[in-house]
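Since the structure comes first, as structure tokens, the remarks are kept for the end.
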Amino acid sequence: MYAALGPILLHPGQYTFAAGGDGTKNYYSLLYHIRYGHGSHFKGMLYPYGDHLVFADGQPLLGIPLAYLQQAGIPVADVGLTLLNSLMLLALPLTAVVVYLLLRRVLLPAGPAVVGALLISFMAPQLERWLGHYALSYAFIVPLLWYLLVRAQAAPRAWGPLLGYVAVGLMGGLLHPYYLLLAALLGLSYALVAWLQRRRPNRNAYPLTLVVRMVLAAVLPIILFQLWMALTDSVTDRPATPYGFLVYRSRFESVFYPVLEPLASFWRAAFRTPETVGEGWAYVGLMSLVVLILTGVKGLRYLLQGKWQLILRPVLPPPCALGCTPVCLRCCLPGACRLSGVWKAC
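Here you go:
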């Protein structure tokens, strides 16, 4: 980090990660609210009415308590830029720690786990949120949610990991509501895989009570967040279907094909693949594409040998199997069961 970001690490309050667009707006929203705001109402736009801090992308988990400290006479607004940049920078090594713990939980040896954690963290597509969507730059949140699910599965009778899941999901939602949907998708996917695994002979491995608690932990952050919004949001005519849900989605190409230079343009020219939308980028590396191809070849071989039952046999551990579900759903449209570019809409 120091080799690439040395001056920023030493003087985080003297730099901005963006000089225009969403980046400037998101700096402004949080810093304005810290200095002049109070509670959840943001007065820095839509004069003279203002708006809710959530819709200004003002990171309420940070903006509201820091604004209270400023009003109490503690000059946190003077170091607001330093605090925001420092939190984004600290999130990167924290992500590596959480990913390491997660990899160790799935029985990866310490050495490969260290290498894997560093590579996953420092090459994560989420780092592009540094360029403007700062509330989405805390890359440790999703791995932490995943780690808590693994802990919950390891101790089915313990409530602690799932209570932690609810807390992390809710606090993430108070940074940006997208984290609520991610927490719900991850938790429900894990519960689905655990329930499907119950249908195998060893039914005691995944108690039904654990599956139910996972479902509750997945949806409870959304319920609590919606309750808070109902108590604090004075606007009653917000659109129920905001633009972008059907547009900014992942495609097969944005997950498995290179999305950045120097490989992106070469790949598009060589294989005639379409250009992808930045909001849908979730590139998992060429090695994942190789594994996908080899898996397809193996499945085809099973079909030719008349062993089609082996294709449906669950062989992945739940922490890996559940990862397939959000990827498929991330690429899907409501009412259609397709991996864009691969499966046709039902």
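Position 134, counted from 1, in the sequence shown is what my numbering calls 131; the numbers after and before it change by one each time, with no gaps.
Beta carbons are placed, not taken as given, at the ideal position from N, Cα and C, and that holds for glycine.
Helix, strand or coil: which one does DSSP assign to Asp19? helix
Considering only the beta carbon of each residue, do Tyr97 and Ala121 sit closer than 8 angstroms? no
Other residues of its chain near Leu207: CB distance less than 6 angstroms, five sequence neighbours each side excluded: Pro153
Cα-Cα separation, Ala88 to His30: Between the alpha carbons of Ala88 and His30 lies a gap of roughly 22 angstroms.
Can you grab the Cα-Cα spacing for the pair Trp225 / Tyr240, in whole Å? Their Cα atoms are separated by approximately 23 angstroms.
Output the residue ranges of the beta strand (DSSP E) runs that lie fully inside the region 81 to 145 and measure 3 residues or longer, sorted by chain position. none
Using only CA atoms, which one of Trp278, Ala151, Val147 lies nearest to Val256? Here the closest residue by C-alpha is Trp278.
Give the secondary structure of Leu6 by DSSP, where H, G and I count as helix, E and B as strand, and everything else as coil. helix
Please report the distance separating the alpha-carbon of Leu177 from that of Leu167. In a straight line, the C-alpha of Leu177 is about 7 angstroms away from that of Leu167.
Applying the criterion that 16 or more other CB atoms from any shown protein chain within 10 Å of the CB defines a buried residue, is Leu243 buried or exposed? So Leu243 counts as exposed.
Hey, Phe263 and Leu286: beta-carbon distance below 8 angstroms or not? Contact flag unset, no.
Taking only three categories from DSSP, how would you classify Asp48? strand
Ranges of the beta strand (DSSP E) found wholly within the region 235 to 320, counting only runs of at least 3: Every candidate beta strand (DSSP E) stretch fails here, since none sits fully inside the region 235 to 320 while reaching 3 residues.
If I follow the unbroken alpha helix (DSSP H) through Phe222, where does it start and stop? 205 to 229
Spatial neighbours of Ser79 in its chain, beta-carbon cut-off 6 angstroms, leaving aside the 5 residues before and after: Here residue 79 is Thr; the residue named in the question, Ser, does not match the sequence. Only Pro9, Gly10 meet the Cβ criterion.
Would you call Ala107 buried or exposed, if buried means 16 or more other Cβ atoms sit within 10 Å of its Cβ? exposed
Considering only DSSP beta bridges, list what Phe39 is partnered with. Asp48
Counting beta carbon pairs with one atom in the region 140 to 154 and one in the region 20 to 36, are three or more of them shorter than 8 angstroms? no
Cα separation between Ala333 and Ser247? Confidence in Ala333 is poor, its pLDDT being 35 and thus under 50, which makes the residue's placement unreliable; the coordinate value appears in the next sentence. The straight-line gap from Cα to Cα measures roughly 14 angstroms.
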